[in-house]
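>
Next up, the structure:
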C-alpha cells in the first residue's frame, strides 16, 4: 500500500527506487558522514533539516494515519542509525585495510632489510677475509736480465763469497728503496736473474774480469744461496732466451695482488721496449713497476717516461763489458795449403834440415855473442817465412840461452834450432841430464832486523810479502777496527776523546788478529804513494791483489780491474829489491 505524501517514485541509475528530485536531493550527502544522504539531507526536504525531522507527517490526518507516519519516522530513524553504523564500519574497515597495507609494506621492507643486512654482513666478512688474504705474504719482485746487467767486478771476482755478498747488498738496497716507495714493511724480496751462465762466464773471462769461468759459476751459486727467494736461472745459449723468460715472469706477477711492486732490470736492451709500451698507459700496471738501471738506459727505454726509474749504487756495472782481442794468444796465422800441413814431421811442427850456410845474425836467439851459434834458416825461408808461434819461439830462445850456461855445443844448438837430426828431441835429450832448477819460486829475501824501507831500481817503495787468509781477513774487515789505534801510531781522535773516529777502539786483539789487521791496512792506499819514506807506515804502496792471469789484461792489471783503488803506476811494478834503507840512512 503506497504511503501518502511520498510523491512520485523514480528509479536511480542502478535501479534503486527514489522519490522526486526534492526527496532524492535530500538523500545526497555521502560526504557528510551519513550513508545514502539520509542523515545529512540537502536543502528543500520536507522531512529532514540537518538530520532532524521537520514535518514528520501531514497535518489533518487521523490518528491511525498519524501513527503510521510516526512508525515510518521511527523506521527511518532506525535505518539512519543502521546506515550510519554501516558507514562507520566501512570507514573503519577502510582505515584498518590501509593500516594493514602499510604494515605489510613495512614488514616487507623490514624482511628485505633483514635479508640485506645478513647479506651485507656476509659480504663484509668475505671482504675482510679477502683483504686479510691480500695482505698475507706481500713481496717485491726484482727481475734482472743478467746477460746485460752484470754485477760489479769486485763481486764477481770473489766467486761464491762474492755472490752471497752481492745478494746481501742487493737486498739492503731494495729494502731501503721500499721505504721510500710506500711498500709494506713486511714485504719479502724475491730476485730472479736470467742469463746464459756459460756464455757470461766466458765473456767475463775474456774481458779480464775474472781469471776463469768457474769463478762466475761459483758467484751465481753463492748468489742463489744468499737468500731463500734469490734465484739465478740459467737459460742456456740462444738469442733472447733470457728476454723471453723475463717477460713471461713479468706478465705472470704483475696481476698478482701479493706482488707489491716489480723492479725491472733491462736498461741495456731496447728489446724490452715493446713489452713496456704495452703497459705504459695502464693505470694499474705502470705505477706498480720501476725500471732498474745498470748501464745507461737505451734510447727507446728513455722515451718511456711514464715509468719510474731507480739505480742501486755499487751493485751492477755502469758500463758494458768490452772484450778486447787477446794479443798474446789470438794472433792471426797464415793459411797452410801444403799436403803435409798436418803431418807431424812437416816443417810446421819440426824444423826442416838446412843445407844453406848459417847467417851471421841468429834467427831466434835473443842475443848473440861469442860462443853463441846462429841457427840457420830452412830452405823454405827464402820463399816463405815459417809461421812464428810462441812455442817454437820460446823453445828456440831457451835452447840458445841454455847453451850459454850448460855448455851444450854450438853444433848441437845449431842443429836443434834448425831442425837437424832429431829436431827438438835433441834439446830434450841434452837437457834431461841437467840438474832441476825451480825457476818459479823466488829466492827468499834475507832477514833484516829493525824497520827498513825496500825500494826497487826505480826508487819505488816495496811492501814485504804477507800471508793471506780470505775468510779471516773478511771477518776482521766487518768489525771495523781502527788501524792506527791497533797497529799504527795511535788514533788522534780516540786519544782526544772527540768521538770523530767511526771505528772500534775498545776490543782487545790477539797476535793473530793483529797480523790479519795489517793485511787489511795494506789494502788501503798510502797517501804518499810509492815515494813514502815512513818506516812505520802501515798502508799499501803498490797493489797487493793478484795479477790478472787471463784475458787481454793478463800480467798488466790486478783482478779488480778498473775498480782497483790503487793507481795505474802502482800496478806491474818491479818487485825486486834493489835498495834497502835503514833509519840511519834518512835525514830526519
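In my numbering, the protein residues as written are 264 to 851.
For every residue, glycine included, the Cβ atom is placed at its ideal position computed from N, Cα and C.
Does the distance from the CB of residue 457 to the CB of residue 532 come in under 8 Å?
Translated into positions along the chain shown, residue 457 becomes position 194. Translated into positions along the chain shown, residue 532 becomes position 269. Contact flag unset, no.
> Could you check whether residue 511 and residue 410 sit closer than 8 Å to each other, using their CB atoms as the reference points?
Start at 1 with the first residue of the chain shown, and residue 410 comes out as number 147. Start at 1 with the first residue of the chain shown, and residue 511 comes out as number 248. No; because the gap between Cβ atoms is not below 8 Å, this pair is not in contact.
> If the criterion is Cβ atoms closer than 8 Å, does the pair residue 551 and residue 517 meet it?
Locating residue 551 in the chain shown gives position 288, counting from the first residue. Locating residue 517 in the chain shown gives position 254, counting from the first residue. Between residue 551 and residue 517, the gap from beta carbon to beta carbon is short of 8 Å.
> For the putative contact between residue 413 and residue 455, defined by C-beta atoms under 8 Å, what is the C-beta separation to the nearest angstrom?
Your numbering for residue 413 matches position 150 in the chain shown. Your numbering for residue 455 matches position 192 in the chain shown. Contact doesn't hold; Cβ gap of about 16 Å is too wide.
> In angstroms, rounded to a whole number, what distance separates the CA positions of residue 306 and residue 373?
Working through the chain shown from its first residue, we reach residue 306 at position 43. Working through the chain shown from its first residue, we reach residue 373 at position 110. Note that residue 306 has pLDDT 42, beneath the 50 cutoff, so the model's placement of it is unreliable and the number below is only indicative. Distance between the alpha carbons of residue 306 and residue 373 is about 52 Å.
> DSSP has residue 451 in a bridge; who is on the other side?
The residue given as residue 451 occupies position 188 in the chain shown. Answer is 402.
> Report the three-state DSSP secondary structure of residue 840 (helix, strand or coil).
Sequence index remark: in the chain shown, residue 840 carries index 577 (1-based). Three-state result, residue 840: coil.
> Go ahead and pull the three-state DSSP assignment for residue 544.
Sequence index remark: in the chain shown, residue 544 carries index 281 (1-based). Note: residue 544 maps to coil in three-state DSSP.
> Would you check if the distance between the CB atom of residue 452 and the CB atom of residue 438 is smaller than 8 Å?
On the chain shown, position 189 is the one that residue 452 refers to. On the chain shown, position 175 is the one that residue 438 refers to. Taking 8 Å as the Cβ cut-off, residue 452 and residue 438 qualify as a contacting pair.
> Starting from the C-beta of residue 806, find all residues in its chain whose C-beta is less than 7 Å away, skip the five residues before and the five after it, and write them out in chain order.
In the chain shown, the residue the question calls residue 806 occupies position 543. These residues qualify, in order along the chain: 821, 827, 829, 833, 834.
> Would you mind working out which of 544, 354, 487, 492 sits nearest residue 423, comparing C-alpha positions?
As a position in the chain shown, residue 423 is number 160, starting the count at 1. Nearest of 544, 354, 487, 492 to residue 423, Cα basis: 487.
> For the beta strand (DSSP E) that contains residue 528, what are its first and last residues?
In the chain shown, residue 528 corresponds to position 265, counting from 1. Start and end: 522-528.
> Leaving out the 5 sequence neighbours to the left and right, which residues in its chain are closer than 6 Å to residue 655 when beta-carbon positions are compared?
Numbered from its first residue, the chain shown carries residue 655 at position 392. Since pLDDT at residue 655 reaches only 41, below the 50 mark, its modelled position is unreliable, and no value is offered.
> Taking Cβ to Cβ, would you say residue 574 is nearer than 8 Å to residue 556?
Stepping through the chain shown from its first residue, residue 574 is reached at position 311. Stepping through the chain shown from its first residue, residue 556 is reached at position 293. Yes, they are a contact pair.
> Tell me, please, which residues DSSP counts as bridged to residue 344.
In the chain shown, the residue the question calls residue 344 occupies position 81. DSSP, once it has assigned bridges, lists no residue as partnering residue 344.
> Just the C-alpha distance for residue 717 and residue 798, rounded to the nearest angstrom, thanks.
Here residue 717 refers to the residue found at position 454 of the chain shown. Here residue 798 refers to the residue found at position 535 of the chain shown. Their backbone Cα atoms lie some 10 Å apart in a straight line.
> Let me know the alpha helix (DSSP H) ranges lying completely inside the stretch 370-441, each 4 residues or longer, listed in chain order.
416-419
> Below 8 Å on the Cβ atoms is my guess for residue 401 versus residue 450; work out the distance and round it to an integer in Å.
Translated into the one-based positions of the chain shown, residue 401 becomes position 138. Translated into the one-based positions of the chain shown, residue 450 becomes position 187. Contact flag correct, Cβ pair sits at about 4 Å.
> Can you tell me whether residue 331 is helix, strand or coil according to DSSP?
Taking the first residue of the chain shown as position 1, residue 331 is located at position 68. Reduced to three states, the DSSP call for residue 331 is helix.
> Only counting the same chain, and skipping five residues up and downstream in sequence, which positions put a Cβ closer than 8 Å to that of residue 824?
Taking the first residue of the chain shown as position 1, residue 824 is located at position 561. Cβ within range, chain order: 416, 471, 472, 811, 816.
> By alpha-carbon positions, which one of 444, 787, 331 ends up nearest to residue 572?
Taking the chain shown and counting its residues from 1, the one referred to as residue 572 is at position 309. Residue 572 has its Cα closest to that of 444, out of 444, 787, 331.
> Spell out the partners DSSP gives residue 552 in its beta bridges.
By one-based count along the chain shown, residue 552 stands at place 289. According to DSSP, which records beta bridges pairwise, residue 552 is partnered with 525.
> Return the bridge partner residues of residue 725 from the DSSP annotation.
Within the chain shown, numbered from 1, the residue matching residue 725 stands at position 462. Residue 725 is bridged to 717.
> Reducing DSSP to helix, strand and coil, say where residue 535 ends up.
For this step, residue 535 is matched to residue 272 along the chain shown. Residue 535: helix per DSSP, three-state reduction.
> Whole angstroms are fine: how far does the CA of residue 403 sit from the CA of residue 519?
Mapped onto the chain shown, residue 519 falls at position 256. Mapped onto the chain shown, residue 403 falls at position 140. So the alpha carbons of these two residues sit roughly 11 Å apart.
> Output needed for residue 493: all residues of its chain with C-beta closer than 7 Å, excluding positions within five of it in sequence on either side, in chain order.
Sequence index remark: in the chain shown, residue 493 carries index 230 (1-based). Excluding residues within five positions, the ones whose Cβ falls inside 7 Å are 430, 454, 486, 487.
> Using only the alpha-carbon positions, how far apart do residue 387 and residue 375 sit?
Translated into positions along the chain shown, residue 387 becomes position 124. Translated into positions along the chain shown, residue 375 becomes position 112. Each residue's alpha carbon lies about 18 Å from the other.
> Got a sec, what are the start and stop residues for the alpha helix (DSSP H) residue 746 sits in?
Walking along the chain shown from the start, residue 746 turns up at place 483. 746-750 is the span of the alpha helix (DSSP H), which, as asked, contains residue 746.
> Give every residue of the same chain whose Cβ lies closer than 8 Å to the Cβ of residue 584, excluding the five residues on either side of it in the sequence, and list them in chain order.
As a first step, residue 584 is located in the chain shown; it is residue number 321 there, counting from the start. The answer, listed in chain order, is 413, 466, 467, 470, 472.
> Can you grab the Cα-Cα spacing for the pair residue 342 / residue 383, in whole Å?
The residue given as residue 342 occupies position 79 in the chain shown. The residue given as residue 383 occupies position 120 in the chain shown. Distance between the alpha carbons of residue 342 and residue 383 is about 59 Å.
> Answer yes or no: do residue 536 and residue 563 have a C-beta to C-beta separation smaller than 8 Å?
Sequence index remark: in the chain shown, residue 536 carries index 273 (1-based). Sequence index remark: in the chain shown, residue 563 carries index 300 (1-based). Between residue 536 and residue 563, the C-beta gap is smaller than 8 Å, which places the two residues in contact.
> Quick check on residue 584: does DSSP put it in helix, strand or coil?
Sequence index remark: in the chain shown, residue 584 carries index 321 (1-based). Residue state, collapsed to three classes: coil.
> Cutting at 6 Å between CB atoms, please list the residues of its own chain near residue 845, excluding the five before and the five after it.
Translated into the one-based positions of the chain shown, residue 845 becomes position 582. Hits under 6 Å: 715.
> Excluding the 5 residues flanking residue 784 on each side, which residues of the same chain have their C-beta closer than 7 Å to its C-beta?
Here residue 784 refers to the residue found at position 521 when the chain shown is read from its first residue. Here the set comprises 746, 750, 801, 802.
> Kindly indicate which residue of 578, 558, 425, 760 has the alpha-carbon position closest to the one of residue 477.
In the chain shown, residue 477 corresponds to position 214, counting from 1. The candidate whose alpha carbon is nearest that of residue 477 is 425.
> If you draw a straight line from the alpha carbon of residue 420 to that of residue 389, how long is it in whole angstroms?
The sequence position of residue 420 within the chain shown is 157, counting from 1. The sequence position of residue 389 within the chain shown is 126, counting from 1. Each residue's alpha carbon lies about 53 Å from the other.
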